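Before any comments, here is the structure.
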Amino acid sequence: MKISSAISSTVSLTRYVGSLRIARSSLIKSAHLLERIGLAAVGASCGLYVGATLLRQKGGLFESGWIVLITMLYGALSYYVGIDLSGNVARRPTSSISEEWNGSEPAEIMSAAGTFSAAIAATLSVSILVLDQNLPNGLIGFVAGCWVIGSSLQVVAGTMARSYAAPTNEQ
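Residue 8 in the working numbering sits at position 7 of the sequence shown, with consecutive numbering throughout.
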């Protein structure tokens, strides 16, 4: 198949799909759900690395294979709930006065701090696994602590953002 015929068939397919009448809101909701599932997959893969690092530590608290499943599930939950707060929180108008808070900032800050902490834990875990390092239990505890704190912050931020009632502007 020539490139020109492939391009023309793609253009005609785009015209066909563009002529379908799909409600915009359902399309956006579907895209948002796909995004959330993708974030959950990223969280689960980060949890896999953290769990594998904890499992590798011999003579420690985490010798059971369940730790990998638990970290993966918690990572999927935290990334699904806490990373994308774009729904109502990000679209709310913010005040031009820097001292005035509208109530959504704590959720955004907690989500950012949680994402950073969980990402640090995942990055350290990958480097420990790839470089085949044997680290002291204190450093492994630090990785586990970063993971738990970061994931928990994401869950709390996502819960706060979804339960926050947007103030109505009555004029």
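Quick reminder that beta carbons are idealized off the backbone N, C-alpha and C, glycines included.
Remember, it's a predicted structure, so these values are computed and weren't measured experimentally.
May I have the straight-line CA-CA distance separating G139 from I29, to the nearest angstrom? 45 Å
| field | Nearest neighbour of A145, chosen from V157, S118 and R163 [CA to CA] | value | S118
Assign W148 to one of two classes, buried (16 or more other C-beta atoms within 10 Å of its C-beta) or exposed (fewer than that). buried
Practice item. Inspect the beta-carbon positions of V82 and G159 and report whether they are closer than 8 Å. Key: yes
In whole angstroms, what separates the C-alpha of S153 from that of S112?
-> 9 Å
Less than 8 Å separating the beta-carbons of A122 and G142?
no
By the 10 Å Cβ neighbour count, where 16 or more other Cβ atoms means buried, how is Q172 classified, buried or exposed?
For Q172, the predicted model reports a pLDDT of 46, less than 50, meaning its position is unreliable and no value from the coordinates is stated.
Answer with buried or exposed for I129, where buried requires no fewer than 16 other C-beta atoms within 10 angstroms of its C-beta. buried
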